Structure formats: structure tokens, C-alpha cells
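Novice:
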Amino acid sequence: MMKTSKKGRAGPPRSLSKRGSELARDVRPPVSPANLPAPLRHALSRVAGKHLFMQVLIGLAWLVITAVLLVSAQNFFDRIMDFPRAVRAAFLVIDAGVLGTLVWRKLIVPVRRRWRAAEAAFAIQRQWPALGSRVISALQLSESSARDPRGAGSPLLVSALVQETAASVPALPLGQVVPAKPAVRRVFSAFALCALAGGLAFWQWPLASVLLRRALLADIPLPTNTIVVPETRDLRTAAGTQVTLAALAQGVLPPQGRLELALAGGETRTILVRPDAENPARFSFPIENVRQSFSYRFYLGDGRGPSFDVTALPAPLLESAEFLQEFPAYTGRPPLRQPAGALAFFPGSKVRVIAKANQPVGLVELRFAGDAPPPGITLTVDANSPDIARGEFTVPAGGLSSLSLPLVSTEGIAAMDTTAYPVRLETDRVPVVRVLEPVATSDTIVPTARLSVRARVRDDFAISRVELVTELVGGDQSRRPLVVAPDGTVSHEFVPVSESPPLVEGNQLTWWIEATDNNTATGPGVGVSERRELGIVSFAQKQQEMLKRLEETSRRMEDVARRQSEVRDTLGEALRRTDETQPAP
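Its first residue numbered 348, the sequence shown is counted upward by one per residue in our numbering.
1. Out of T588, D566 and K528, state which residue places its alpha-carbon closest to the alpha-carbon of F400.
2. Using the rule of at least 16 other Cβ atoms within 10 Å of the residue's Cβ for burial, across every protein chain shown, is L543 buried or exposed?
3. Look up L370 in the DSSP assignment and say whether it is helix, strand or coil.
4. Using beta-carbon positions only, say whether L391 and S489 come within less than 8 Å of one another.
5. Per DSSP, what kind of secondary structure is A596 in: helix, strand or coil?
6. Taking G444 as part of the alpha helix (DSSP H), name the residues at either end of that continuous run.
7. Please report whether the beta-carbon of P386 lies at a distance below 8 Å from any beta-carbon of chain C.
8. Does S847 pass the burial test, meaning 16 or more other C-beta atoms within 10 Å, or should it be called exposed?
9. Is P843 helix, strand or coil by DSSP?
10. Among E905, V831 and L815, whose alpha-carbon lies nearest the alpha-carbon of S825?
11. Are the segment 610 to 625 and the segment 656 to 670 touching by the rule of at least three beta carbon pairs closer than 8 Å?
12. In terms of alpha-carbon separation, which member of L664, K895, D734 and P743 lies closest to P722?
13. For the putative contact between V800 and H839, defined by C-beta atoms under 8 Å, what is the C-beta separation to the nearest angstrom?
14. DSSP has L582 in a bridge; who is on the other side?
15. Short of 7 Å in beta carbon distance, which residues of its chain neighbour T588, apart from the five on each side in sequence? Order them along the chain.
16. Using CA atoms only, rank isn't needed, just tell me which of Q890, V779, A802 and L439 is closest to I792.
17. Tell me the rounded alpha-carbon separation between A719 and D429.
18. Using DSSP with H/G/I as helix, E/B as strand and the rest coil, what is Q402?
19. Measure the C-alpha to C-alpha separation of V914 and E898 and round it to an integer number of angstroms.
20. When DSSP labels each residue in this structure, what does V837 get in the three-state scheme?
21. Anyone know if the C-beta pair for T757 and P707 falls short of 8 Å?
22. Which complete beta strand (DSSP E) runs does the segment 499 to 583 hold, if anything under 3 residues is left out?
23. When the Cβ atoms of the segment 776 to 795 are set against those of the segment 848 to 864, are three or more pairs found closer than 8 Å?
24. My parser needs the beta strand (DSSP E) runs of 3 or more residues fully inside the segment 846 to 915; what are they?
25. Taking 7 Å as the limit between beta carbons, can you name the residues of its chain near Q474, skipping five residues before and five after?
26. Under the three-state reduction of DSSP, which class applies to S391: helix, strand or coil?
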């Protein structure tokens with residue numbers, strides 16, 4: 348008698364399954380051998396196909412159930428404990444491992460070990476014990492006769508057994524061989540669990556949406572009555588400076604919050620923070636003299652903000668700076684090298700700057716200050732020596748009183764103290780022109796007379812040209828170049844009738860001397876003498892003018908003589924009075 352397994356099991360008995368498996372491994376027949384009658388072959392294929400379908404369906408149901416339970420459990424604990432992103436990533440890896448194991452054991456393995464013709468035959472015989480071993484015997488004898496017709500026994504008996512089995516087996520209700528109840532039960536459980544999870548998600552949809560996105564490693568906070576919006580995030584600061592940490596509260600505004608600091612070595616500190624007086628939704632706290640790196644998080648109401656880091660790094664320092672000044676070519680001065688300190692620059696000079704820091708720098712600027720400072724420039728960091736930066740600028744004509752060299756390290760830390768170096772701008776003064784002759788600022792001359800003009804010209808460096816400029820009242824202006832003598836004087840003989848056009852009686856003109864220097868950088872500078880007036884008169888007018896001057900001179904001389912006499916008389920009278928008041932010896 349053939350062994351039977353527990354009721355409802357779709358597989359064959361253990362011993363028959365073992366023999367069938369050995370036969371399948373040795374012969375590896377298809378689901379139904381091709382030499383079987385078509386009805387029997389189709390019956391065996393139907394049973395094996397249904398078994399494979401049910402196994403795959405059960406595997407998919409287990410996969411859905413496990414996935415829903417894993418996600419629900421993770422979201423539940425995440426809602427309670429607010430897992431950081433690293434923990435959620437670890438859960439995601441565990442979920443992937445569990446689901447991958449289920450795929451292998453519940454889907455891939457059943458497909459690879461799907462029933463062959465022998466397993467299907469054993470399952471049919473187990474379902475209807477009255478068949479005895481006719482189904483497996485017909486399968487084995489047909490295979491043996493196909494390989495060795497004489498070794499399988501009488502062909503007539505084999506053919507009769509096969510035909511009898513092929514006629515009886517397809518008429519049976521083969522759907523009962525592999526029961527669908529286990530698969531239906533698990534699929535129903537999967538659908539019920541999905542419906543329950545979907546209903547809960549719909550009921551708590553805003554929260555469910557956030558939890559699902561957090562399970563997929565989205566960096567978003569959990570929904571709370573108070574939402575913490577970070578104002579400051581990860582910060583880099585110079586050691587010893589102050590940082591202000593701040594966050595904004597949205598929704599329900601709490602009367603106070605707390606700031607948790609996690610220091611190096613596992614030490615934690617909790618600081619109570621209150622809202623700003625001007626903005627009750629803003630919570631901030633200044634931390635002075637930061638000496639070490641730490642992480643921080645704001646807790647406002649029931650909301651918890653994300654964790655951020657404050658990294659304390661050493662600030663860069665300017666070790667040295669050098670300024671090489673190349674003067675304009677017209678000055679003839681050699682280059683001048685100056686260290687950082689009180690600086691003196693000549694307008695128009697090109698200055699090369701070399702700055703050296705105590706650590707590699709990412710940015711070095713040269714900033715100017717003054718009434719009208721030029722725009723700052725960025726120095727170029729040396730690729731081979733990142734602690735050295737170089738640059739160049741042109742000294743402006745004015746408006747510059749100081750300069751500084753702020754540094755920023757490669758870590759983005761700015762220098763704490765930036766020294767401002769005072770700058771004194773040397774000036775290329777304009778030429779100085781002083782008229783020596785004539786002395787009078789206003790004079791007259793007859794058309795044929797000569798007026799000697801002589802002046803002295805001085806400049807810091809050199810004079811490029813000197814001109815005598817004359818301008819008629821209400822007329823044109825004319826210029827005459829003058830030659831500078833080695834002693835710096837210029838002279839000219841002015842004859843009215845020799846001018847072009849000739850000057851006639853009644854003309855009034857203004858004249859002066861202009862001197863231009865050789866400043867090609869910020870100039871040229873032009874020096875101008877005082878303006879003199881000159882009138883062209885007739886001989887009679889000149890004589891009358893001279894007589895008036897003589898009369899005026901005579902009157903002045905008489906006045907002087909009279910005043911001298913008065914002074915002499917007054918002095919004598921005072922001496923007599925003094926003698927009278929003194930007692931006799």
C-alpha cells in the first residue's frame with residue numbers, strides 16, 4: 348500500500364517524493380514525456396502547472412505581507428523615536444535583505460524545483476489511492492520502453508496499462524490534486540493587510556506621507572504642532588570667535604525652547620532659549636569664544652529641528668607683506684621695497700604686493716580706504732605655495748588713506764583681525780612760477796617801448812614747456828614759448844608794435860606765464876603765475892601818468908618830512924620835561 352501524507356497536502360508521500368526526485372535528477376524528463384498519450388500528458392502538465400502557480404502566488408503573498416509589516420513597524424518606531432537618517436538607512440538595508448531572502452526562498456527556489464511528470468503522478472496517486480501505482484508505473488514503463496523496448500516487458504501489456512491509465516486519469520477532477528485554499532488564504536491575508544495599512548495611511552495621510560518619504564531616506568522632519576525651521580545650519584568659524592545659533596518656529600509658538608549641544612567626548616549641554624523681543628517666532632542664542640567643534644539641535648514645543656555641526660578652525664594670520672613700488676619712468680627714481688607698516692606711495696606707480704600667511708589660504712583681497720578709494724583687487728594664490736599670494740595695483744592720484752589684506756583660509760575661515768596700514772600719498776606738485784620783472788601788477792606802455800618780462804620756474808622733477816600767455820580784453824588769446832635757462836629763469840622782451848597783430852593805443856591786455864611739468868602718469872601739472880594787466884597808451888598819456896606819479900611822490904616826501912619834524916619836536920619837549928622834574932644834585 349502506498350504511504351499517505353497529511354490531509355490537504357498537495358505533494359506526494361515522502362518516500363515516493365524521494366524516489367521521484369531521484370528519477371528526475373537522473374533522467375531529467377520534461378513535465379510529460381512525449382511518448383505518453385496526449386490526454387495523460389496534458390493531465391500531468393496541468394497538475395504541475397497549477398502547483399507552480401500556487402507556489403508563486405503564495406510567495407508573492409508572503410512578499411507583500413512582509414513588506415507591509417516591515418514598513419509599518421519602521422514607520423511606527425520612527426514616529427515615536429524620530430530616527431536619524433543613518434538609522435533609517437540601516438533599516439532600509441535590513442528590509443532589502445529580508446525581502447531578498449523571501450524572493451529567493453519563496454519565488455526563485457519553487458520555480459527551480461517545480462514539479463516534473465513524476466511528482467505530478469505521485470500527487471495524483473496520493474489524491475486517489477484507488478489508482479494504486481498505475482500512473483507512475485505507466486510513466487516509468489513508457490520511458491523504459493522508449494529507451495529499451497525488450498527490457499520493459501511485454502509491449503502489449505505495457506501499451507494496455509498506458510492506455511488504461513490515459514483513459515482514466517483525465518476524467519478525474521484534477522483541480523483537487525493541488526488545493527488552492529492555502530494560496531487563497533495567504534493572498535486574502537495580504538489583501539486584508541494592505542487594505543488595513545492603506546486605511547491607516549489615508550486616515551493619517553499627511554503623517555503617513557512624511558513617514559514613507561523618511562523611510563526612503565528623505566531628509567524631512569516629522570510633522571508636529573510646532574515646526575522647527577533652521578535659520579543657521581552647518582557653520583565653520585574661527586576658534587575664539589562668537590557664533591549665534593538661531594531657528595524659527597512655525598505653527599504653535601512656544602514660550603521657550605531648548606538648545607542641545609553635543610561636545611567632543613560625549614558631553615552634552617542643554618540651554619534654555621527664549622524668543623526674540625522683536626520676533627516671537629525666532630529663537631537664538633550666542634555662544635562666545637568657541638574653542639572646539641560641536642553639534643547642536645533646537646527643540647521648540649513638540650518640534651525637533653535637524654542636527655547641525657559647528658566646526659571650529661584656526662583663523663589665518665598674515666605673517667608678512669611686502670610692497671615693491673615701481674615709480675613712473677619720468678621721475679627717474681629706482682624701485683622702492685617697503686614692508687607692511689606705514690606706507691608711502693607715489694601717484695601713478697605700480698605696486699607689486701606679496702602676502703604670506705601662516706596657513707594655506709583660499710582668498711586674499713587687497714582693500715583700499717579713503718575719501719575716494721579705488722576698487723579692491725583679489726590676489727592670486729601661488730599654486731606651489733598656497734600660503735603666498737601675489738597681486739599688483741596702480742597708485743591713484745588721490746583719495747587713498749589706508750589699505751588692508753583680509754585673508755580667508757582654504758576651509759573658508761576669515762581672519763579675525765585685519766590690520767589697516769596707513770598710506771601717505773606723495774604729491775607731484777605743479778610747477779611754481781614767480782614773476783621777477785616787472786614788479787607792478789598793472790602798468791602802461793607806449794606802442795614802441797619795450798617791457799622786460801622775467802620769471803623763475805621751479806618743479807619737483809622737470810619742466811616740459813613754459814609759455815607766455817597774452818589775452819586782449821574781449822579779444823583772442825596768444826601763446827609764446829619761452830626757453831628755460833639753466834638757473835630756472837625765463838625772459839622775454841615785450842614790444843607792442845612787434846606783436847602779431849600789432850598792439851595799438853587803447854588796447855588793454857592781461858598776461859601771465861604758464862609752466863607744464865613732465866608728469867605723464869597723473870598729470871601733466873600746470874603752474875600759472877599771477878596775472879598782470881598792461882595798457883597801451885600814447886606818449887602824452889604816458890607823460891601825464893609819469894607827472895602824476897612825480898607829484899604823488901613829492902607829496903609823500905613832504906608828508907614824511909613833516910612827520911619827522913613833528914616827531915623831533917615831540918621828542919625834544921619830552922626830554923625838557925624830564926629834566927625839569929628831576930631834583931637837583
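Glycine is no exception: its CB is placed at the ideal position from the N, C-alpha and C atoms.
None of these values were measured; they are calculated from a predicted model.
Specialist: Inspection of the coordinates gives the following:
1. Among T588, D566 and K528, the Cα nearest to that of F400 is on K528.
2. Around the beta carbon of L543, fewer than 16 other beta carbons lie within 10 angstroms, which makes this residue exposed.
3. Summary for L370: the model assigns pLDDT 37, below 50, so the residue's position carries little reliability, and this model does not support an answer.
4. Contact: no.
5. Taken through DSSP and simplified to helix, strand or coil, A596 comes out as strand.
6. Here the alpha helix (DSSP H) through G444 covers R432 to V450.
7. Annotation note: the requested chain C is absent from the structure, which comprises a single protein chain.
8. By the neighbour-count rule (16 or more Cβ atoms within 10 Å), S847 is not buried but exposed.
9. Collapsing the DSSP output to three states places P843 in a helix.
10. Residue nearest to S825 within the set E905, V831 and L815 is L815 (criterion: CA-CA distance).
11. Output reads no: the segment 656 to 670 does not touch the segment 610 to 625.
12. Taking only the C-alpha atoms, the option nearest P722 is P743.
13. With 8 Å as the limit, V800 and H839 qualify as a contact, their Cβ atoms being about 5 Å apart.
14. Within the DSSP secondary-structure output, L582 pairs in a beta bridge with V657.
15. Only V637 and M763 meet the Cβ criterion.
16. Restricting attention to Q890, V779, A802 and L439, the CA atom closest to the CA of I792 is found in Q890.
17. Between A719 and D429, the C-alpha separation is close to 57 Å.
18. In this structure, Q402 counts as helix in the three-state DSSP scheme.
19. C-alpha separation (whole angstroms): 24 Å.
20. Per DSSP, reduced to three states, the secondary structure at V837 is strand.
21. Yes. Within cutoff.
22. With a minimum length of 3 residues, the continuous beta strand (DSSP E) runs that stay inside the segment 499 to 583 are 573 to 577.
23. Contact holds: three or more Cβ-Cβ distances are below 8 Å.
24. As summarised for the segment 846 to 915, the continuous beta strand (DSSP E) elements at least 3 residues long and confined to that stretch are 855 to 864, 873 to 875 and 879 to 883, given in chain order.
25. For Q474, where only same-chain residues beyond five positions count, the Cβ hits under 7 Å are Q523 and V524.
26. First, the amino acid is wrong: residue 391 is Leu here, not Ser. Here L391 sits in helix by DSSP.
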